[in-house]
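Visitor: Residue numbers (our numbering): 84 to 498.
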Ligand code: CTP
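Structure, rendered in structure tokens:
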């Protein structure tokens, strides 16, 4: 089972009067599809851009407007909404709304509800995704208002550089819904079973340069490693994700370190592991690199080159050696990508690399391994236990692995 921090949560989405309001419908839909119950409050200006019915249709929940303040439940509406919410997200948030929030002014349903949320330790988090023209965003008044809100615990998401309604290309565009969703997910994940655990995840393929335009690499996409980083975050861990080149978006909340070669990955991993509780080594590290790296492009006129190879460091083996000095990481998890003798090879790696767990997969299968979204793995434990998992998504595989890390870490810390 995937631990989804959004499922069963109650999210209040405040939408204010910006052209980005149309994107809030997509955001409300994505939050709903992720399992959250989403109620929406539109400011008066927001209703000029988008109708409450749009939100009711995508969320299946009420979308409130200021007129509801004077309805039958008016005396409790804002208090009730604030108390039941696990999180208040205002996206898009205009400069005016931000100013009102900073001042504690409460003259419409959204600002009343935001005030009723409180700023105590156990108050629901307030996330704000500003959208406005660049000059308004850069204005000292807006910056000061945002500083005040951050000081009180609010999380500000964006805005991004991009095309603005004024025709300018500058900072002021609302962050894309998918990334806002990542922030919401991260905010809600802090209470999971891996809280205060530091997990290092490696992902993707390394690239071993031959000359400025060519390299040796492999077909790994990074998908399984990125899914592991997300699953570890969802369980509340403090996650460092070290990845070879990829177009994937790092999950919001990771300490993301991009590397290129195996040597760079090795240095970054050894450094991060000095204080880590677990290393999940999902990267497909190139075992060999060109022995010589040419600073100039190798010309075909120079004849057919012979590429001599040198061995790359075995990162897991180096981490195991370093563990003797720092006592970290407590738990080591490896992956075995095989095309034959899957289990025998994986068992050999489990032992040789001193691992607690290895996920073996047959990368010659079309529906498992490199680049695809699904994987079929067998988990081999250090105590000899063997578990064959059915074909599942890489997100599900990640959740299964994280589930098995929790007791291993608890055992290590004696809890
Ligand atoms: N690994 C590593 N450093 C390397 C190569 C691999 O840390 N230079 C890690 C991988 O990230 C993986 C595990 O070791 O978690 C097994 O990787 P794999 O490529 O299957 O095995 P190798 O040890 O490289 O052996 P071989 O290529 O001969 O199968």
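A virtual CB, placed ideally from N, CA and C, is assigned to each residue, including glycine. Bear in mind that the values here come from a model prediction, so they are computed numbers and not experimental data.
1. Pairing CB atoms from the region 302-316 with CB atoms from the region 217-225, are three or more of them under 8 Å?
2. Quick check on the DSSP output: the beta strand (DSSP E) that includes residue 213 runs from which residue to which?
3. Hey, how far is the Cα of residue 438 from the Cα of residue 414?
4. Mind listing, in chain order, the continuous beta strand (DSSP E) runs of no fewer than 3 residues lying wholly within the region 232-281?
5. Could you check whether the region 225-236 touches the region 245-257, counting it as contact only if at least three pairs of C-beta atoms, one from each stretch, sit closer than 8 Å?
6. Taking the beta strand (DSSP E) that residue 441 falls in, what are its first and last residues?
7. Does the Cβ-Cβ distance between residue 357 and residue 294 come in under 8 Å?
8. Any chance the CB of residue 439 is under 7 Å from a heavy atom of the ligand CTP?
9. Any heavy atom of the ligand FMN inside 7 Å of the beta-carbon of residue 477?
10. Is the beta carbon of residue 282 within less than 7 Å of some heavy atom of the ligand CTP?
11. Relative to the ligand CTP, is the shortest distance from any of its heavy atoms to the C-beta of residue 424 smaller than 7 Å?
12. Pick from 113, 344, 166, 230: whose alpha carbon is nearest that of residue 143?
13. Taking the C-alpha atoms as reference points, what is the distance between residue 171 and residue 367?
14. Could you tell me whether the region 346-362 touches the region 404-418, using the rule of 3 or more Cβ pairs below 8 Å?
15. For residue 396, collect the residues of the same chain with a Cβ closer than 8 Å to its Cβ; drop the 5 residues on either side in sequence, then sort them by chain order.
16. What three-state label does DSSP hand residue 121 in the structure shown?
17. Give the straight-line distance between the Cα atoms of residue 130 and residue 148, rounded to the nearest whole angstrom.
18. Do you know offhand how far residue 317's Cα is from residue 250's?
19. Going by Cα to Cα distance, which pick from 276, 319, 278 is closest to residue 268?
20. DSSP puts residue 466 in a beta bridge; with which residues?
21. Which residue from 284, 270, 384, 174 puts its Cα closest to that of residue 92?
Guide: Let me spell this out:
1. Output reads no: the region 217-225 does not touch the region 302-316.
2. The count along the chain shown starts at 1 and reaches residue 213 at position 130. According to the DSSP assignment, residue 213 belongs to the beta strand (DSSP E) that extends over 209-213.
3. For the purposes of this step, residue 438 is taken as the residue at position 355 of the chain shown. For the purposes of this step, residue 414 is taken as the residue at position 331 of the chain shown. Here the C-alpha atom of residue 438 lies approximately 8 Å from the C-alpha atom of residue 414.
4. Given a length threshold of 3 residues, each whole run of the beta strand (DSSP E) inside the region 232-281 is given here in chain order: 243-246, 252-256.
5. Flag = no, the region 225-236 and the region 245-257 do not touch.
6. Working through the chain shown from its first residue, we reach residue 441 at position 358. Taken as a continuous stretch (DSSP letters only), the beta strand (DSSP E) holding residue 441 covers 440-445.
7. Reading the chain shown from its first residue, position 274 is the one you call residue 357. Reading the chain shown from its first residue, position 211 is the one you call residue 294. No, Cβ-Cβ distance for residue 357 and residue 294 is not below 8 Å.
8. Translated into positions along the chain shown, residue 439 becomes position 356. The nearest non-hydrogen atom of the ligand CTP is 7 Å or more from the C-beta of residue 439.
9. Among the ligands modelled here, namely the ligand CTP, the ligand FMN does not occur.
10. Taking the chain shown and counting its residues from 1, one reaches residue 282 at position 199. No; taking the cut-off as 7 Å, the Cβ of residue 282 has no heavy atom of the ligand CTP nearer than that.
11. The residue you call residue 424 lines up with position 341 of the chain shown. Flag unset: Cβ of residue 424 not near the ligand CTP.
12. Position 60 of the chain shown, counted from the first residue, corresponds to residue 143. Looking at the Cα atoms, 113 is the closest of the given residues.
13. Translated into the one-based positions of the chain shown, residue 171 becomes position 88. Translated into the one-based positions of the chain shown, residue 367 becomes position 284. Straight-line spacing of the CA atoms in residue 171 and residue 367 works out to 40 Å.
14. Remark: three or more beta-carbon pairs, one from each stretch, lie closer than 8 Å, so the region 346-362 and the region 404-418 are flagged as touching.
15. The residue you call residue 396 lines up with position 313 of the chain shown. Hits under 8 Å: 345, 346, 349.
16. Counting from 1 along the chain shown, the entry for residue 121 is found at position 38. For residue 121, the three-state secondary structure derived from DSSP is strand.
17. Position 47 of the chain shown holds residue 130. Position 65 of the chain shown holds residue 148. One alpha carbon belongs to residue 130, the other to residue 148, and they sit about 8 Å apart.
18. Mapped onto the chain shown, residue 317 falls at position 234. Mapped onto the chain shown, residue 250 falls at position 167. So the two alpha carbons sit approximately 39 Å from each other.
19. Your numbering for residue 268 matches position 185 in the chain shown. For residue 268, the closest C-alpha among the options 276, 319, 278 is that of 319.
20. Taking the first residue of the chain shown as position 1, residue 466 is located at position 383. Looking at the DSSP assignment, residue 466 forms no beta bridge with any residue, so it has no partner.
21. The residue labelled residue 92 in the question sits at position 9 within the chain shown. Per the Cα distances, 270.
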